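**Student:** Got a structure for you, questions after.
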Amino acid sequence: MIELREMYLTAFEQIKQVLGKEPIDFRFEQFKEDEKSHINEMVVSYLVERTPKTTGFKSVSTVSNLFYDYERIYKIIQLTDDKKLVGILIYPN
Amino acid sequence: MIVLDSNSFLLFVIGLIDPKRISKHKVLSLFDEADFYKLIEIIKHHSNLIILPNIWTEVDNSMNRSVGEFKNKYVEICKELAREIKENYLASSIGFESDSIYDLGLTDSLLLEWIKEQGHTLISIDSKLCDIAKAYNLKTIDLIKDKNDFLFKI
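Right, dumping it as structure tokens:
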């Protein structure tokens, strides 16, 4: 199993690559290792700017604060024991 | 008063049963015995807690599938906790009327509205709930952020 800090740093780099910039308020949320497949699965989260599309049918809140201009995105990152990326999945939270 | 969200109440309950089991629960994999004792230190006494019935239900949905001695201890501890901890009912309509219902769902929206009204302190293991609670300048102890800072920030 990969050491937690290594998992964190690898996941951070993967998300940074996907976004093309450093994720805001990146967090390591959960992890688990599948002992049979040796796939390490971690749930991470970070903030992204809300767009009209992600705001959905709800109008923008009257709360004029950073966190209503942003929303938290959750992803599952799967890594092998030697830190190779298997996949980045949507986390159904 | 202190209000716990579902996952921090789960940390509290599993810690009371067997602190070594904390990290084995899927949603608590980042947490351990030390986090339980820190939580106890913050709460100090059961009388400082208020729990929403919705939180009890979510925790029970997660714990009631356990079996054997662990399940027996869970039930015994919860009998005692349910007698001692104050409980506050809020109508679901309050949650569905909340601005946060789209982001947080019913239970966390109720928590948020209740804390906004009463000024309680929120302890949470839910980053999204903490983001929004902080946006309202509510007293928030964000355990995922604290744990990330402890483990990963030099």
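Residue numbers (the numbering used here), protein chains in the order written: chain A, 1 to 93; chain B, 1 to 154.
Note that beta-carbon positions come from the ideal geometry of N, C-alpha and C, so glycine has one too.
Since this is a predicted model, take the numbers as computed values, not measurements.
Residues of chain A with CB under 9 Å from I144 of chain B, in chain order?
**Tutor:** Here residue 144 of chain B corresponds to residue number 144 of the second sequence, with the count starting at 1. Going along chain A in sequence order, the residues near I144 of chain B (Cβ under 9 Å) are R27, F28, E29, S45.
**Student:** If we ignore side chains and look at the alpha-carbon of each, how far apart do A133 of chain B and T140 of chain B end up?
**Tutor:** Translated into the one-based positions of the second sequence, residue 133 of chain B becomes position 133. Translated into the one-based positions of the second sequence, residue 140 of chain B becomes position 140. Approximately 7 Å between the Cα atoms of the pair.
**Student:** Take L104 of chain B and list the residues in its own chain whose beta-carbon comes closer than 7 Å to its own, dropping the five residues that flank it on each side.
**Tutor:** By 1-based counting over the second sequence, the position of residue 104 of chain B is 104. Once the five neighbours on either side are set aside, the close Cβ partners of L104 of chain B are L112, K128, L129, I132.
**Student:** Give me the residue from A:D34, A:I2, A:L4, A:I15 with the minimum Cα distance to I73 of chain A.
**Tutor:** In the first sequence, residue 73 of chain A corresponds to position 73, counting from 1. When only C-alpha atoms are compared, the closest one is A:I15.
**Student:** I want to see whether chain B comes within less than 9 Å of K75 of chain A, judged by CB atoms only; does it?
**Tutor:** Here residue 75 of chain A is taken as the residue at index 75 of the first sequence, counted from 1. So, not an interface residue.
**Student:** Between the stretch 72-91 of chain A and the stretch 7-15 of chain B, do three or more beta carbon pairs fall short of 8 Å?
**Tutor:** The stretch 72-91 of chain A is not in contact with the stretch 7-15 of chain B.
**Student:** Can you tell me whether K36 of chain A is helix, strand or coil according to DSSP?
**Tutor:** Within the first sequence, numbered from 1, the residue matching residue 36 of chain A stands at position 36. Looking at K36 of chain A - three-state DSSP - the assignment turns out to be coil, as it is neither helix nor strand.
**Student:** In the structure shown, what three-state DSSP assignment does E87 of chain B receive?
**Tutor:** In the second sequence, residue 87 of chain B corresponds to position 87, counting from 1. Looking at E87 of chain B - three-state DSSP - the assignment turns out to be strand.
**Student:** Can a CB atom of chain A be found closer than 9 Å to the CB of F152 of chain B?
**Tutor:** Indexing the second sequence from 1 puts residue 152 of chain B at position 152. Interface residue, yes.
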